[in-house]
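Taken in order, these protein sequences are the chains called L and R. Per full-length UniProt numbering, the first sequence runs over residues 1 to 495. Per full-length UniProt numbering, the second sequence runs over residues 1 to 495. Don't be surprised by glycine CBs; every beta carbon is placed ideally from N, CA and C.
There are 2 protein chains.
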Amino acid sequence: MSKEKAPRRPRAETPKGFRDYFGAEVTERKAMLDAIAKVYQLHGFEALETSAVETVEALGKFLPDVDRPNEGVFAWQEDEKDWLALRYDLTAPLARVAAQYRNDLPTPYRRYAMGPVWRNEKPGPGRFRQFYQCDADTVGAPSVAADAEICAMLANALEAVGIERGDYVVRVSNRKILDGLMESVGLLDLNDPSYNAAERGIAMRAIDKFDRLGESGVEKLLMDGREDASGDFTQGAGLNYLQALSVTTFLMQRLPTNAETISGLRSLLAQSVRGLEGVQELETIAALLDAQGFGPDRIVIDPSVVRGLGYYTGPVFEAELTFEILDDKGNKRQFGSVAGGGRYDDLVKRFTGQAVPATGVSIGVDRLLAALRAKGRAEAPAPGPVVVTVMDRDRMADYFAMAADLRNAGIRAEVYLGNPKQFGNQLKYADKRASPVAVIQGTDEASRGVVVLKDLILGARIAQSATLEEWKDRPAQVEIPRSDLVAAVRQMLEG
Amino acid sequence: MSKEKAPRRPRAETPKGFRDYFGAEVTERKAMLDAIAKVYQLHGFEALETSAVETVEALGKFLPDVDRPNEGVFAWQEDEKDWLALRYDLTAPLARVAAQYRNDLPTPYRRYAMGPVWRNEKPGPGRFRQFYQCDADTVGAPSVAADAEICAMLANALEAVGIERGDYVVRVSNRKILDGLMESVGLLDLNDPSYNAAERGIAMRAIDKFDRLGESGVEKLLMDGREDASGDFTQGAGLNYLQALSVTTFLMQRLPTNAETISGLRSLLAQSVRGLEGVQELETIAALLDAQGFGPDRIVIDPSVVRGLGYYTGPVFEAELTFEILDDKGNKRQFGSVAGGGRYDDLVKRFTGQAVPATGVSIGVDRLLAALRAKGRAEAPAPGPVVVTVMDRDRMADYFAMAADLRNAGIRAEVYLGNPKQFGNQLKYADKRASPVAVIQGTDEASRGVVVLKDLILGARIAQSATLEEWKDRPAQVEIPRSDLVAAVRQMLEG
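In structure tokens, the structure reads:
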């Protein structure tokens with residue numbers, strides 16, 4: 001299509017960073033989310049679906065600048081009025097709902113939400129500007145029993161979608177023990193947030209890189225600094241060796257039993273009231289989970305979990321898939337994180353002035369779906385339909401009746417509705433539709449009251465096979481009485 | 001909350017015209033859409049989920065004006081680049097997909113799509129700016145067999161969600177017979193679209209009001225004009241009496257059998273080639289449907305169907321629910337239309353320059369859901385959870401274990417996670433959650449290895465009942481061994 005000829009034709013393209021989902025891509029995700037929703041429901045969580053559009057004011061975080069407040073969000077101004085924006089997650093709308101309906105909702109309010117969110121970010125490979133989130137939160141429950149419940153429910157949800165026990169672990173830590181750690185190495189004064197703030201930031205970022213840099217790398221960053229492979233130098237947090245050592249020791253305190261981990265943490269944080277409070281919470285969580293049968297093979301206390309430090313105020317958790325997959329370069333690596341969450345106690349306060357305790361988890365829908373596919377656990381796509389071919393244009397009613405008979409027996413079926421002139425095109429169509437069986441009835445067959453069934457799956461196998469020998473007992477094409485259509489197709493499908 | 005004290009607190013409100021959906025509102029709709037999707041799949045239709053955001057250019061219809069192209073849509077400009085907008089229906093994105101992937105998709109391409117769409121319109125009572133659509137379309141099938149298939153599938157879908165046979169009818173007409181009618185009364189010259197265009201517009205609008213104004217009202221509008229109850233005068237189309245009569249006769253040609261209707265239309269449109277072509281198409285559709293067992297009790301030829309005249313090019317259809325409901329004023333009226341569609345052959349052409357035949361249907365999700373609720377056919381909301389109350393804060397682990405036992409038996413259950421101090425609040429909570437059973441275990445019960453079950457449904461009935469006599473044999477509260485928890489709760493639920 002040349003530009004000169006048709007300069008005004010619109011481009012048939014999604015906007016950059018957006019994509020379409022076809023067939024099994026839609027139904028696999030849906031089946032996974034349905035299974036998760038069922039688990040959430042069983043735990044007493046209620047569905048909530050907020051609108052995609054919120055006022056920028058209610059979304060918060062992204063405040064309007066002079067002209068356009070669309071840093072990170074898709075936003076627009078109503079004629080001379082409010083700025084509106086697409087939600088960027090499901091938590092900000094929940095906070096708005098919890099404030100708006102605070103007199104009507106039960107307290108605590110357990111809710112789950114599933115749906116797309118939008119980010120106005122630079123798209124990259126595999127990074128889209130619209131994607132699904134799947135959240136469960138409990139609003140209004142101050143007790144860490146609510147956090148324990150979320151962790152247990154997350155484990156149940158992972159198993160419900162097909163991640164086997166042993167293939168995942170939910171790691172739990174607590175923002176308060178990190179605070180305690182910072183206190184004990186002199187990087188935090190709870191009465192003066194600005195004290196050593198820069199050094200604390202460096203230390204926190206170093207801790208966050210523990211997975212990647214390991215013990216010695218993190219120690220360098222905690223002390224004088226570190227030169228990376230490219231020669232770039234990162235300034236350190238200025239701790240001495242013993243202080244740095246206590247940090248890395250802390251990070252490695254995931255011991256064989258939760259009791260040992262808790263005991264170790266209690267020693268390390270003995271001098272921090274905040275830290276010990278966090279350890280106590282973790283101990284309570286571990287006890288509650290233990291009583292429900294969730295041992296450390298499924299949910300484990302692990303102080304190396306570091307999530308959204310500015311956001312969470314208590315327990316934090318992360319679900320990790322522990323089986324290995326091959327990365328782009330063919331190297332084995334652990335699949336990694338598929339969900340995370342924690343306690344955040346300040347979101348509703350923005351609206352009402354009253355602190356409302358809340359905790360929740362967000363499952364990375366695309367990541368988890370990729371894991372299910374990697375394990376062959378994604379819902380099998382619907383089989384292609386039986387295609388009733390059209391040999392005789394005047395007998396469409398007969399073909400439709402055949403398709404209807406098949407459907408009434410629960411078999412997916414359709415009549416070919418393209419141009420029927422070239423029969424080859426009909427078989428190509430059936431191939432594109434991954435059709436298992438083609439039904440054929442020309443004038444001759446009709447006069448004899450029969451139809452021909454073509455086993456397309458067998459046909460494809462024969463085409464791929466080096467030898468026809470193994471197939472010779474099973475004909476790829478059979479003629480049967482019209483009255484046997486449903487039974488014969490079913491037999492072929494079960495073949 | 002006074003404005004002086006907290007002037008910068010955001011309002012906890014959805015933007016005007018948007019709303020939130022809670023619990024059963026979400027799950028009822030989902031169950032309905034799931035049932036429809038199953039029918040569509042069975043007919044060989046594939047799921048498609050396009051992004052919510054499209055370029056304004058691809059959406060078409062709403063072309064950018066100088067400043068903001070957001071007439072009717074929510075639109076915004078990417079930094080100095082494309083204008084983007086939220087989709088306003090599911091057909092425009094389908095046309096874009098059909099063009100973008102034309103070399104990869106099967107031809108014909110049968111797809112269904114379900115999801116929210118957005119309209120930047122003035123909100124009103126019950127009119128929202130975000131709402132669900134549920135579409136099925138066949139792209140690339142020129143034959144009216146595709147239209148017949150859509151009609152049959154629509155009937156199947158309505159029955160699948162719980163609309164009984166006899167409570168709905170799919171009415172089918174054809175844009176071409178309306179053209180033929182206009183030709184035969186001298187209001188259309190197929191070679192000169194501008195000929196009598198104004199009068200034709202008046203006549204078409206009059207026809208569209210046939211339901212409401214009846215025969216004599218429409219005749220007036222077709223002739224000299226009509227004064228309404230308020231005294232306003234609407235100019236007529238200038239037909240003479242015989243011409244007007246032929247129009248109203250046409251509109252009333254829905255006769256007891258499709259054969260009679262077709263024969264009647266054929267007489268009325270004898271002088272219009274276009275009209276007769278339309279009648280022929282209707283006859284084919286009726287024959288195809290008849291062969292699949294869809295008689296006029298379910299799908300009927302009805303020339304009074306008038307839909308989106310600028311858009312459709314061939315068969316048009318509308319599903320109507322025929323049972324009566326009470327309107328706001330307490331008057332009985334038919335429930336009315338819940339779905340509509342037809343053939344549109346020009347949408348893909350915008351992108352590629354090549355005409356691509358297409359036909360499809362859109363179900364009004366909110367309307368159909370309202371109908372199911374009116375008939376008591378909406379999916380029953382999930383029962384409220386069994387609430388395990390907290391009598392002893394130190395024994396949370398025991399309470400969690402009880403809830404886990406119940407869930408493992410498939411019973412929805414949760415532990416009360418609010419402040420447990422006041423037991424009355426826990427029962428109020430259970431009431432708000434529509435909980436059927438409260439589980440109670442204080443220190444004394446724990447020491448004896450028992451739990452108390454409170455039948456909250458029975459309790460509510462007793463509270464409403466004038467006499468306690470009828471309940472006396474059924475205690476609203478029982479003490480049972482802890483080991484019998486699951487069995488006893490189940491028995492109470494089955495009550």
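The shortest C-alpha to C-alpha distance from Ile-457/L to any of Ala-47/L, Arg-448/L, Asp-431/L and Ile-440/L is the one to Asp-431/L. Annotation: the continuous beta strand (DSSP E) that includes Phe-131/R extends over 130-139. Of the residues Ala-95/L, Glu-54/L and Ala-113/L, the one whose Cα lies closest to the Cα of Leu-86/L is Glu-54/L. Per DSSP, Lys-332/R is one residue of the beta strand (DSSP E) stretching across 332-343. When C-beta distances to chain R are compared with 7 Å, the residues of the segment 369-395 of chain L below that value are Ala-382 and Pro-385, in chain order.
Linking Thr-284/L to Thr-248/L through their CA atoms gives a straight-line distance of about 24 Å. Counting of Cβ neighbours within 10 angstroms places Lys-176/R among the buried residues, the total reaching 16 or more. Only residues of its own chain outside the window of five on either side were considered, and among them Gln-441, Glu-479, Ile-480, Pro-481 and Arg-482 have a CB closer than 8 Å to the CB of Val-450/L, listed in chain order. Scanning chain R for C-beta atoms nearer than 7 Å to the C-beta of Gln-41/L yields Ala-382 and Arg-412, reported in chain order.
Of the residues assessed, Tyr-168/L falls on the buried side of the cut-off, its CB having 16 or more other CB atoms within 10 angstroms. Asp-455/R has a beta carbon lying at 8 Å or more from every beta carbon in chain L. Residue contact check for Ala-244/L against chain R: no CB pair falls below 8 Å. If you look at Asp-89/L, you'll find it isn't in any beta strand (DSSP E); DSSP assigns it neither H nor E. Non-local beta-carbon contacts of Glu-28/R in its own chain, meaning distances under 6 Å to residues more than five positions away in sequence, involve Ala-378 and Glu-379 in chain order.
With respect to chain R, the C-beta atom of Thr-257/L has no partner C-beta closer than 8 Å.
Interface criterion not met: the Cβ of Tyr-311/L is under 8 Å from no Cβ in chain R. Taking 8 Å as the cut-off, the beta carbon of Gln-477/L is found no closer than this to the beta carbon of Val-437/L. The distance from the Cβ of Gly-17/L to that of Phe-131/L is about 10 Å, inconsistent with a contact at the 8 Å cut-off.
The DSSP assignment places 175-184 as complete runs of the alpha helix (DSSP H) inside the segment 160-190 of chain L, in order along the chain (cut-off: 4 residues). Rounded to the nearest angstrom, the Cβ distance from Leu-187/L to Phe-250/L is 13 Å, too far for a contact under 8 Å.
Excluding its 5 nearest sequence neighbours in each direction, Gly-384/R has C-beta neighbours in its own chain below 7 Å: Arg-433, Ala-434, Ser-435 and Pro-436, listed in chain order.
Residue pairing by DSSP places Asn-120/L opposite Gly-72/L in a beta bridge. Taken through DSSP and simplified to helix, strand or coil, Arg-254/R comes out as coil. Interface flag for Leu-158/L against chain R is unset, since no Cβ pair is found closer than 8 Å. With respect to chain R, the C-beta atom of Asp-20/L has a partner C-beta closer than 8 Å. Per DSSP, Ile-301/L is one residue of the beta strand (DSSP E) stretching across 299-301. Under DSSP, Ser-435/L takes part in no beta bridge, so it has no partner.
Using beta-carbon distances, Gly-126/R does not count as an interface residue toward chain L, since no partner is under 8 Å.
Around the beta-carbon of Ala-12/L, 16 or more other beta-carbon atoms lie within 10 Å, marking it buried.
A direct Cα-Cα distance of roughly 7 Å separates Gly-336/R from Thr-322/R. Counting C-beta atoms within 10 angstroms of its own C-beta, Asp-82/R has 16 or more neighbours from the protein chains shown and is therefore classed as buried. Contact annotation for Phe-74/L against chain R: Val-53, Trp-76 and Leu-84 [CB-CB distance below 8 Å, chain order]. Considering only beta carbons, the part of the segment 138-163 of chain R lying closer than 9 Å to chain L consists of Thr-138, Gly-140, Ala-141, Pro-142, Ser-143, Ala-145, Ala-146, Ala-148, Glu-149, Ala-152 and Asn-156, in chain order. Per the coordinates, the alpha-carbon of Val-273/R lies some 54 Å from the alpha-carbon of Pro-123/L. About 38 Å separates the Cβ atoms of Met-114/R and Ala-145/L, ruling out a contact at the 8 Å cut-off. Residue contact check for Lys-209/L against chain R: no CB pair falls below 8 Å.
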